[in-house]
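*Asks:* Here it is, the structure, as structure tokens.
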Amino acid sequence: MSEWSQAIGAFGRQAAAAETISGNRGLMIEEPLLFERDQAGRSGVDLPAPPPVADRLGGLRRAGPTGLPGLSEPQVVRHFTRLSQKNYAIDSGLYPLGSCTMKHNPRLNEKLARLPGFADLHPLQPISTVQGALELIDTLAHWLKVLTGMPAVALSPAAGAHGELCGMMCIRAALDARGEKRTRVLVPESAHGTNPATAAACGFTVDAIPANDRGRVDLAALKVKLGPDVAAIMLTNPNTCGLFEDEISAIAEAVHEAGAYFYCDGANFNAIVGRVRPADLGIDCMHINLHKTFSTPHGGGGPGAGPVVLAQSLAAFAPLPWLVHDQTGFRLVEQAQGVAAQALGRLKGNHGQMGMFVRALAYMMSHGSDGLRQVSGDAVLNANYLLAELGDDLTASFPGPCMHEVLFDDRFLEGTGVTTLDFAKALIDEGYHPMTMYFPLVVHGALLMEPTETEPKEGLDRFIAVVKALAQRAKAGEAAAFRAAPRFTPRRRLDETGAARKPVLRWRPSAAGREAAE
Amino acid sequence: MRYLPLTDADRAEMLAAIGADSVEALFRDVPRSARLDRPLDLPRAMGEIEVERALARMAAKNMAAGAAASFLGAGVYRHHVPAAVDHLIQRGEFLTSYTPYQPEVSQGTLQALFEFQTQVALITGMEVANASMYDGATSCAEAVMMANRVTRRHKAILAGDLHPHYRETTTTHARFAGFEIVARDPDPAARDDLAPLVDGDTACVVVQNPGFFGHVRDFSVLAEACHRAGALLVVIVTEAVSLGLVKPPGEMGADIVAAEGQSVGNPLTFGGPHVGLFATREKFVRQMPGRIAGQTVDVEGRRGWVLTLSTREQHIRREKATSNICTNSGLCALAFTIHMALLGDAGFTRLAELNHAHAVMLAERLAAVPGVALLNDTFFNEFALRLKRPAAPVVEALAGRGVLAGVPASRFWPDRKDMEDLLIVAATETNTEEDMAAFAQGLREVLR
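From first to last, the protein sequence lines stand for chains A and B. Position one of the first sequence corresponds to residue -14 (my numbering), numbered consecutively onward. Position one of the second sequence corresponds to residue 482 (my numbering), numbered consecutively onward.
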């Protein structure tokens, strides 16, 4: 047992030794819930007394207090500042979460999204007063169409999964218009979970297609599954193993020959942006996560935006509203009539994620067509560098070159007693956010790493050294130390099973608190 | 390029380590014919100054609501957002983190979501809430699909004063997921009684409070009718601030509340991103869509937070998931949480009272203008006016005078004659006495 392992073992057994009087640990400050800081009579806003009027509520006034806690502004600012300090973020360091594309979020984009001419604009203002906003949307649409080679784009979807829904609905609408009842959708085993969920939400049944031993769609198996009842294939490319589907042209041909549509999950478009146009691969429809490829912030889980580019055969079915340009300027078509007679309807309120559009366009214009090409080149280069440097210590699932992310599995941990989860948690103690774990499902104990193009080489070198050292420690029989990780985080491993078995999903006043209040 | 740290020397060194001749060689799996060998026909890279100039030029072509006297509502409301909110949500630890899949390094986001869920449950009068949806309209569609799962029935009755975008979004889902929609005609006078329509096939009735035309109603009797028939009552709220003053849906017997949370903490932003609120009863929680944060303990027994009940979700259940939603509206939900924390019970109530008082004052003023009739007996901060002539050109004319006078109903029902002269007007705490005077005076002149 090494010194590291002994030290960790001791730490794990004697947590009390690390305790302080306050429960705080230096910069790690314990923070209660807002509701536990409540003092009646406090507020963080000063609003004028309402002018006296005879109310028009028809006797439907709220009877009691809401139960919202009262805090002053300094308390609120401190509360959320302390909470923020319990988060890892791209701004803190390397965030190699495969398939999620955690790249730098430029602050210029935040500034521009807050210009009053965008942020302080009501979606239902007269069209004559929002021409600049519509011009921005039109410009974004132009960039997306040129980058993908597709003739149309639907901008309203609010996230990647929402874009999938939009795309698959377009396909259903097109099939309905053709008078065809096709019910089956083919989805590779390695697909994101949203793909089968989306297909089901559009009334399709899902049929899994296996991968071949090269981590790609098994073309022969796909051909067997194709038939007159197949509506579409949903394929992620580059796929979730970080590989380009090198038989994509043959796949597209077979799918089209069977009368089906080719839906591409564009979550990984960042690997090929500026270098490959999806239209040239035979794709009919693809969503783009603006929060991945075009770097709008992930915000701890949204908001995102998931525009969908469409081939001519699907364009007529794009959801409302449509943006059109005529001699009077830009205008919105908000009803399924005229040019938009076949539109499939509306997918959300208003016109789309404008705040995300501004950020994405600022990102595109900053990079330009030359810079975007560099983006995909550097992203792929960084991932291949990890593959080359870590290939001897970890077990790569497939030979390179990979695309923007690299997949390892847990064969290198065999017999060590260390799991992928333990390995990931040990990385946290080293100051890194872990890679994606246990996804895709097609390999055992997956570790999917996506460094992105915004990581400097020296940062990668440091990460590589840490991962190599951890792998060696795992192989040296220090499993107990891994199982104790993480130790330096605001909380150590949490009981997720208990959380699901007896869900506590909100704060409630304690019995003592309630009595005191009464 | 300022965002790309690799130098040519780095690239050369890395290619040598990989054993590749060039970056292009790494793309060898892409069919040769699909590989572009030069940049696409789009502008080249720009510095901050040029990008800022180009986008500021577009922004300047718009009439920002704050530069006018603005009375637009219809599901999106202009409220004052305290400066601390935008400062805090721009902290990089919130802004640039992912969905909290690794709870040990995401306790900040998780605790904030738990606080959000509690706030939503408190103001709606419901037992539990999720960690947000995309917006109110998608929240409404998800509520209907959840009611289908709970009741194992497939028919939804949508009230005539449900926001048209909510109706249309839900109808789109119905078409593809295969359930039935009974959508009532627009109901500007709020006279429609839905109870007689509820039958043994009905999964849910969807009503809105305050309604799209502003009326405030009690749905307790309708809730009882729904429950007698084994159906659920879904209550939609598009103006979350109303919950500070109006009897909450939970006290009316609502089974699901789906709402738009933009009013609290979030700017207009031309309609998005906003934040959907979703609350229900504890017994339905395993049928609820979306992410949920839950309380638990760590190995040292300390209280902490995790994402929970994920067996409902797509990444586990795949095609059997309750919904395909994955990313939600995290940062907008955080803005909501912070604004609500600043308000507290006293501030939230006062904000709602202020909105109501301004709306009452404005309604009285506008109803006194010749050629204007107020349709509402009850309202919160929004009401409907019938003008003596079509509303859209009136709004256009008033925009020229610096007054954004509300939303003409014809924007939603361009083909209905009976909607042509209807104007939906909202007032909030941001409207001044001068704004209201300018609106009344302008309307008087335009209608003359």
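Here a beta-carbon is modelled for each residue, glycine too, at the ideal position from N, C-alpha and C.
(1) Roughly how many angstroms lie between the CA atoms of LEU140(A) and LYS333(A), to the nearest whole one?
(2) Give the DSSP-derived three-state secondary structure of ALA1(A) in the structure shown.
(3) Is GLY659(B) close to chain A, meaning its C-beta is less than 8 Å from at least one C-beta of that chain?
(4) I want to verify the contact list: residues of chain A whose CB lies under 7 Å from the CB of GLU649(B), in sequence order.
(5) Can you give me the C-alpha to C-alpha distance between GLU596(B) and GLY49(A), rounded to a whole angstrom?
(6) Tell me whether the beta-carbon of ALA684(B) lies closer than 8 Å to the beta-carbon of ASN747(B).
(7) What does a CB cutoff of less than 6 Å around HIS646(B) pick up in its chain, not counting 5 residues either side in sequence?
(8) Report the option in VAL715(B), ASN805(B), PRO677(B) and PRO512(B) whose CA atom is closest to the CA atom of VAL687(B).
(9) What residues in the region 728 to 745 of chain B have a beta carbon less than 8 Å from any beta carbon of chain A?
(10) PRO263(A) and THR179(A): beta carbons closer than 8 Å?
(11) Measuring CA to CA, which of ARG493(A), PRO441(A), ASP269(A) and THR474(A) is closest to ALA490(B)?
(12) Does the beta-carbon of ARG483(B) have 16 or more other beta-carbons within 10 angstroms, so that it is buried, or is it exposed?
(13) Since GLY556(B) contacts THR750(B) with CB under 8 Å, what's their CB separation in whole angstroms?
(14) Please report how far the alpha carbon of LEU207(A) lies from the alpha carbon of ILE194(A), in whole angstroms.
(15) Pull up the distance between the alpha-carbon of ASP394(A) and that of MET87(A), whole angstroms please.
(16) At what residues does the beta strand (DSSP E) containing LEU433(A) begin and finish?
(17) List, in chain order, every chain A residue whose beta-carbon is nearer than 7 Å to that of GLU800(B).
(18) So with Cβ pairs under 8 Å, would you call LYS542(B) a contact of chain A?
(19) Which residues bound the beta strand (DSSP E) around GLU440(A)?
(20) Contact defined as beta carbons within less than 8 Å: I believe GLY152(A) pairs with VAL293(A). What is the distance between those atoms, to the nearest angstrom?
(21) For a contact defined as C-beta to C-beta under 7 Å, what are the partners of TYR370(A) on chain B?
(22) Where does ARG882(B) fall in DSSP's three states?
(23) For the alpha helix (DSSP H) containing THR190(A), name the first residue and the last one.
(24) Using the Cα positions of PHE508(B) and GLU149(A), report the straight-line distance between them to the nearest angstrom.
(25) For ARG468(A), which option in THR599(B), VAL780(B), SER578(B) and VAL504(B) has the closest C-alpha, if you only look at C-alpha atoms?
(26) Taking the alpha carbon of ASN72(A) as the reference point, which residue from TYR579(B), VAL586(B), ALA919(B) and ARG559(B) has its own alpha carbon closest?
(27) Tell me, please, whether the CB atom of GLN588(B) is closer than 8 Å to any CB atom in chain A?
(28) At a threshold of 7 Å, does LEU496(B) count as lining the ligand PLP (C-beta to nearest heavy atom)?
(29) Return yes when the Cβ of VAL324(A) is within less than 8 Å of the Cβ of ARG316(A), no when it is not.
(30) Give me whichever residues DSSP pairs with ASP311(A) in a beta bridge.
(31) For a cutoff of 8 Å on Cβ pairs, would you count LEU856(B) as touching chain A?
(32) Which residue comes first and which comes last in the beta strand (DSSP E) that contains LEU375(A)?
(33) Assuming ALA565(B) and ALA814(B) are in contact, meaning their beta carbons sit under 8 Å apart, how far apart are those beta carbons, in whole angstroms?
(34) Per DSSP, what kind of secondary structure is GLU503(A) in: helix, strand or coil?
(35) Thinking just about the alpha-carbon of each residue, which of LEU847(B), GLU574(B) and PHE861(B) is nearest to the one in GLU926(B)?
(36) Please list, in chain order, all residues of the same chain as ALA239(A) whose beta carbon is under 8 Å from its beta carbon, the five residues on each side excluded.
*Replies:* Once the coordinates are examined:
(1) Translated into positions along the first sequence, residue 140(A) becomes position 155. Translated into positions along the first sequence, residue 333(A) becomes position 348. Cα to Cα, LEU140(A) sits roughly 11 Å from LYS333(A).
(2) As a first step, residue 1(A) must be located in the first sequence, where it is residue number 16. Because ALA1(A) carries a pLDDT of 46, less than 50, the predicted location of this residue cannot be relied on, and the following value inherits that uncertainty. DSSP places ALA1(A) in helix when its eight states are reduced to three.
(3) Reading the second sequence from its first residue, position 178 is the one you call residue 659(B). So yes, GLY659(B) belongs to the interface.
(4) Residue mapping note: residue 649(B) aligns to position 168 of the second sequence, counting from 1. Those are GLY330 and ARG331, listed as they occur along chain A.
(5) Reading the second sequence from its first residue, position 115 is the one you call residue 596(B). Reading the first sequence from its first residue, position 64 is the one you call residue 49(A). Cα-Cα distance, rounded: 21 Å.
(6) Your numbering for residue 684(B) matches position 203 in the second sequence. Your numbering for residue 747(B) matches position 266 in the second sequence. No, they are not a contact pair.
(7) Counted from its first residue, the second sequence places residue 646(B) at position 165. Here the set comprises ALA618.
(8) Against the second sequence, residue 687(B) aligns to sequence position 206. The shortest Cα separation from VAL687(B) among VAL715(B), ASN805(B), PRO677(B) and PRO512(B) belongs to VAL715(B).
(9) LYS728, PRO729, GLU732 and GLU741
(10) Taking the first sequence and counting its residues from 1, the one referred to as residue 263(A) is at position 278. Taking the first sequence and counting its residues from 1, the one referred to as residue 179(A) is at position 194. No, the Cβ-Cβ distance between PRO263(A) and THR179(A) is not below 8 Å.
(11) Taking the first residue of the second sequence as position 1, residue 490(B) is located at position 9. The candidate whose alpha carbon is nearest that of ALA490(B) is PRO441(A).
(12) As a first step, residue 483(B) must be located in the second sequence, where it is residue number 2. When all chains shown are included, ARG483(B) counts as exposed.
(13) Here the question's residue 556(B) lines up with position 75 in the second sequence. Here the question's residue 750(B) lines up with position 269 in the second sequence. Their Cβ separation, rounded to whole angstroms, is 13 Å, which puts GLY556(B) and THR750(B) out of contact at 8 Å.
(14) For the purposes of this step, residue 207(A) is taken as residue 222 along the first sequence, with counting starting at 1. For the purposes of this step, residue 194(A) is taken as residue 209 along the first sequence, with counting starting at 1. In a straight line, the C-alpha of LEU207(A) is about 6 Å away from that of ILE194(A).
(15) For the purposes of this step, residue 394(A) is taken as residue 409 along the first sequence, with counting starting at 1. For the purposes of this step, residue 87(A) is taken as residue 102 along the first sequence, with counting starting at 1. The alpha-carbon atoms of ASP394(A) and MET87(A) are separated by roughly 21 Å.
(16) Counting from one through the first sequence, the residue named residue 433(A) turns up at place 448. That run of the beta strand (DSSP E) goes 432 to 434.
(17) To locate residue 800(B), count along the second sequence from 1; it is residue 319. Result: PRO181, ALA182, ALA184, ALA185 and VAL191.
(18) For the purposes of this step, residue 542(B) is identified with residue 61 of the second sequence, where counting begins at 1. LYS542(B) counts as touching chain A.
(19) Here residue 440(A) is taken as the residue at index 455 of the first sequence, counted from 1. GLU440(A) -> no beta strand (DSSP E), and no H or E assigned at all.
(20) Taking the first sequence and counting its residues from 1, the one referred to as residue 152(A) is at position 167. Taking the first sequence and counting its residues from 1, the one referred to as residue 293(A) is at position 308. The Cβ separation is near 5 Å, so the contact holds.
(21) Translated into positions along the first sequence, residue 370(A) becomes position 385. Within 7 Å Cβ-Cβ: MET495, ALA498 and ILE499.
(22) Counting from 1 along the second sequence, the entry for residue 882(B) is found at position 401. Residue state, collapsed to three classes: coil.
(23) Translated into the one-based positions of the first sequence, residue 190(A) becomes position 205. Element bounds for THR190(A): not the alpha helix (DSSP H) but the beta strand (DSSP E), 190 to 194.
(24) The sequence position of residue 508(B) within the second sequence is 27, counting from 1. The sequence position of residue 149(A) within the first sequence is 164, counting from 1. So the alpha carbons of these two residues sit roughly 26 Å apart.
(25) In the first sequence, counting from the first residue as 1, residue 468(A) sits at position 483. Per the Cα distances, VAL780(B).
(26) Your numbering for residue 72(A) matches position 87 in the first sequence. Closest option to ASN72(A), Cα to Cα, is VAL586(B).
(27) Sequence index remark: in the second sequence, residue 588(B) carries index 107 (1-based). Taking Cβ atoms only, chain A reaches closer than 8 Å to GLN588(B), which makes this a yes.
(28) Annotation note on the ligand PLP: not contained in the displayed structure, which lists no ligands.
(29) Within the first sequence, residue 316(A) is the residue found at index 331, counting from 1. Within the first sequence, residue 324(A) is the residue found at index 339, counting from 1. No, Cβ-Cβ distance for ARG316(A) and VAL324(A) is not below 8 Å.
(30) Position 326 of the first sequence, counted from the start, is the residue given in the question as residue 311(A). Paired residue(s): GLY314(A).
(31) Numbered from 1 along the second sequence, position 375 holds the residue referred to as residue 856(B). No, LEU856(B) lies away from the interface with chain A (no Cβ there is under 8 Å from its Cβ).
(32) As a position in the first sequence, residue 375(A) is number 390, starting the count at 1. Here LEU375(A) belongs to no beta strand (DSSP E); instead the alpha helix (DSSP H) covers 339 to 375.
(33) As a position in the second sequence, residue 565(B) is number 84, starting the count at 1. As a position in the second sequence, residue 814(B) is number 333, starting the count at 1. So it is not a contact: roughly 16 Å between Cβ atoms.
(34) Against the first sequence, residue 503(A) aligns to sequence position 518. With a pLDDT of 48 at GLU503(A), under the threshold of 50, the modelled position of that residue is not reliable, and the figure given next carries that caveat. In the structure shown, GLU503(A) sits in coil (DSSP, three-state: anything other than H, G, I, E or B).
(35) On the second sequence, position 445 is the one that residue 926(B) refers to. For the residues LEU847(B), GLU574(B) and PHE861(B), the minimum Cα distance to GLU926(B) belongs to LEU847(B).
(36) Along the first sequence, read from residue 1 onward, the residue named residue 239(A) stands at position 254. Hits under 8 Å: LEU204, LEU207, LYS208 and LEU211.
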